[in-house]
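Trainee: In my numbering, the protein residues as written are 69 to 199. For each residue, glycine too, the CB sits at the ideal point set by N, CA and C. A quick note: this is a predicted structure, and the numbers were derived from the prediction, not measured. The following block contains the structure, expressed as structure tokens.
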Amino acid sequence: MDVDVPRPANVSAVFRAAARVIAANGHWQGDFVPDVFDREMCVPHFLRPMSIVAALKCATTGDPHATSLLADESIAVLALRLEVGGEMGPYWGDIFSLEEHIAAWGDVPGRTVESVVAVLYAAGDAAEVSA
Numbered sequence: 069m070d071v072d073v074p075r076p077a078n079v080s081a082v083f084r085a086a087a088r089v090i091a092a093n094g095h096w097q098g099d100f101v102p103d104v105f106d107r108e109m110c111v112p113h114f115l116r117p118m119s120i121v122a123a124l125k126c127a128t129t130g131d132p133h134a135t136s137l138l139a140d141e142s143i144a145v146l147a148l149r150l151e152v153g154g155e156m157g158p159y160w161g162d163i164f165s166l167e168e169h170i171a172a173w174g175d176v177p178g179r180t181v182e183s184v185v186a187v188l189y190a191a192g193d194a195a196e197v198s199a
């Protein structure tokens with residue numbers, strides 16, 4: 069992300085920023101970004117399609133691999149909103165379980181950019197109302 073772009077200051081803004089990142093770059097089903105070890109691509113990671121978790125991290129830090137307290141809070145809030153395999157929210161509350169729950173939702177075959185963006189904007193609206 070451009071260093072001159074202001075970072076989101078709250079969870080609802082993070083969801084909206086992540087939605088814009090995915091709308092612009094695409095949704096990646098898999099581990100954060102395609103070709104994570106740069107074996108085939110030379111496109112910077114923040115310009116590649118990315119998973120929802122990576123987009124949340126990128127929205128807050130500019131790097132899809134770096135985390136922040138606001139990214140972790142956003143991950144927790146979103147994970148508790150998503151139903152995966154009939155379960156609302158993850159079984160455990162640690163950050164890795166929260167991230168995996170979101171990844172499992174995003175990795176459902178046929179999941180589209182449009183559905184991901186819609187869910188992120190809806191989560192942003194809900195977080196704004198509840199704040």
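1) Would the beta-carbon of Leu148 be found less than 7 Å away from any heavy atom of the ligand NAP?
2) Taking Cβ positions, are Val79 and Glu141 nearer each other than 8 Å?
3) State buried or exposed for Trp173, treating a residue as buried only when at least 16 other CB atoms are found within 10 Å of its CB.
4) Terminal residues of the continuous alpha helix (DSSP H) containing Trp173?
5) Apart from the five residues on each side of it in sequence, which residues of its chain come closer than 6 Å, Cβ to Cβ, to Leu188?
6) Can Leu150 and Ile163 be called in contact, C-beta distance under 8 Å?
7) Taking only three categories from DSSP, how would you classify Val152?
8) Do you know how far the Cα of Ala194 is from the Cα of Asn93?
9) Identify, in the order they occur along the chain, each residue of the same chain with its Cβ nearer than 6 Å to the Cβ of Thr129, setting aside the five sequence neighbours on each side.
10) Could you please give me the residues that DSSP links to Met109 through a beta bridge?
Mentor: Answer, in terms of the structure:
1) Only the bare structure without any ligand can be found here, which leaves the ligand NAP out of the picture.
2) In the sequence shown, the residue the question calls residue 79 occupies position 11. In the sequence shown, the residue the question calls residue 141 occupies position 73. Their beta carbons are under 8 Å apart, which means Val79 touches Glu141 by this criterion.
3) In the sequence shown, counting from the first residue as 1, residue 173 sits at position 105. For Trp173, the number of other beta carbons within 10 angstroms of its own is at least 16, and it is reported as buried.
4) The residue labelled residue 173 in the question sits at position 105 within the sequence shown. For Trp173, the uninterrupted alpha helix (DSSP H) run begins and ends at 163-174, by DSSP.
5) Taking the sequence shown and counting its residues from 1, one reaches residue 188 at position 120. Phe83, Ala86, Ala87.
6) Taking the first residue of the sequence shown as 1, we reach residue 150 at position 82. Taking the first residue of the sequence shown as 1, we reach residue 163 at position 95. Judged by beta-carbon spacing, Ile163 lies beyond the 8 Å limit of Leu150, meaning their Cβ atoms are not closer than that value.
7) Working through the sequence shown from its first residue, we reach residue 152 at position 84. In the structure shown, Val152 sits in a strand (DSSP, three-state: E or B).
8) Looking up residue 93 in the sequence shown gives position 25. Looking up residue 194 in the sequence shown gives position 126. Asn93 and Ala194: Cα-Cα distance of roughly 24 Å.
9) Locating residue 129 in the sequence shown gives position 61, where the first residue counts as 1. Counting only Cβ-Cβ distances below 6 Å, and skipping sequence neighbours, we find Ser136.
10) Walking along the sequence shown from the start, residue 109 turns up at place 41. According to DSSP, which records beta bridges pairwise, Met109 is partnered with nothing at all.
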